[in-house]
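Student: My structure is below; once you've seen it, I'll send some questions.
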Amino acid sequence: MWECEPFDLDLNTILPASRFSEIFGPFIGRLMRFMTPRRSMALVDALQSTLDGAVLIALQVQPGAAQASLGGVDPWRQRAVVRLTARAQAGQANRALCAQLAAWLGCLATDVTIVEGHTSRQKRVRVEGMDLDAVLAGLSAHLPKGATDDAHA
């Protein structure tokens, strides 16, 4: 069969460490920044103000939970996590989402509408009649104790 003698390959002879970091350092830094989620994403990052004064909220909805709650922010999806008791059947979870957000924010259920993701767990919700600071304050009051909101830290 094939027999090979062991040899010692020193990578520093091919590409010295100083040259490696000089060539690939910036690329590796950018790659790691995009691959690693931020430890705590602020709730404000899931909110967006519109030109007409409404607020858009990026949400990750989890239907069928034991109780309705705001579960913090998902750093990978950059969305606020909302757990709902309603099941995702025949629009029940969508109606429950609008009603729950209206209760948390202290506005009418008709002021909260789903604009994207009617059949998806990833949704974008529009809140009328409230500015970004009021929506942030209303949602921050319902964050779990373990979650931190960088905007208020």
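Per the working numbering: the sequence shown ends with 143, consecutive numbering throughout.
Where is the CB? At the ideal position from N, CA and C, for every residue including glycine.
To the nearest angstrom, how far is it from the Cα of A80 to the Cα of L87?
Tutor: Numbered from 1 along the sequence shown, position 90 holds the residue referred to as residue 80. Numbered from 1 along the sequence shown, position 97 holds the residue referred to as residue 87. If I take the Cα positions, the gap works out to 13 Å.
Student: Name the one or two DSSP bridge partners that Q38 has.
Tutor: Against the sequence shown, residue 38 aligns to sequence position 48. In the DSSP output, where bridge partners are listed per residue, Q38 has L46.
Student: Can you tell me which of the three DSSP states T103 falls into?
Tutor: Working through the sequence shown from its first residue, we reach residue 103 at position 113. Of the three classes helix, strand and coil, the one that applies to T103 here is strand, per DSSP.
Student: Under 7 Å between the Cβ atoms of A89 and R69?
Tutor: The count along the sequence shown starts at 1 and reaches residue 89 at position 99. The count along the sequence shown starts at 1 and reaches residue 69 at position 79. No.
Student: I need the DSSP call for Q79, collapsed to helix, strand or coil.
Tutor: Your numbering for residue 79 matches position 89 in the sequence shown. Judged by DSSP in its simplified three-state form, Q79 adopts coil rather than helix or strand.
Student: Do you know whose CA, among V71, P53, E118 and P134, lies nearest S39's CA?
Tutor: By 1-based counting over the sequence shown, the position of residue 39 is 49. Considering only alpha carbons, the answer is E118.
Student: In angstroms with no decimal places, state the Cα-to-Cα distance between L46 and M120.
Tutor: In the sequence shown, counting from the first residue as 1, residue 46 sits at position 56. In the sequence shown, counting from the first residue as 1, residue 120 sits at position 130. Approximately 11 Å, taken between the alpha carbons.
Student: What is the DSSP secondary structure of S30, reduced to helix, strand or coil?
Tutor: Indexing the sequence shown from 1 puts residue 30 at position 40. With a pLDDT of only 49 at S30, under the threshold of 50, the placement of this residue in the model should not be trusted; the figure read from the coordinates follows. Here S30 sits in coil by DSSP.
Student: Are the CB atoms of V51 and L126 nearer to each other than 7 Å?
Tutor: For the purposes of this step, residue 51 is taken as residue 61 along the sequence shown, with counting starting at 1. For the purposes of this step, residue 126 is taken as residue 136 along the sequence shown, with counting starting at 1. No. Outside cutoff.
Student: Can you tell me whether V105 is buried or exposed? The criterion is at least 16 other CB atoms within 10 Å of its CB, across all chains shown.
Tutor: Within the sequence shown, numbered from 1, the residue matching residue 105 stands at position 115. Flag for V105 reads exposed.
Student: I'd like to check one pair, A44 with R116: are the Cβ atoms closer than 7 Å?
Tutor: Within the sequence shown, the letter at position 126 stands for residue 116. Within the sequence shown, the letter at position 54 stands for residue 44. Contact: yes.
Student: When you compare the CB positions of A93 and V63, do they come within less than 7 Å of one another, or not?
Tutor: To locate residue 93, count along the sequence shown from 1; it is residue 103. To locate residue 63, count along the sequence shown from 1; it is residue 73. Result no, Cβ atoms of A93 and V63 do not sit closer than 7 Å.
Student: Might you give, ordered along the chain, the residues of its own chain that have their beta carbon closer than 6 Å to the beta carbon of G54, omitting 5 neighbours on each side?
Tutor: Position 64 of the sequence shown holds residue 54. Hits under 6 Å: R77.
Student: Alpha carbons only, please: which of A58, P134 and R85 is nearest the one belonging to H108?
Tutor: Within the sequence shown, the letter at position 118 stands for residue 108. Taking only the C-alpha atoms, the option nearest H108 is R85.
Student: Leaving out five residues before and five after S59 in sequence, what residues of the same chain have Cβ atoms less than 6 Å from its Cβ?
Tutor: The residue given as residue 59 occupies position 69 in the sequence shown. Around S59: R73.
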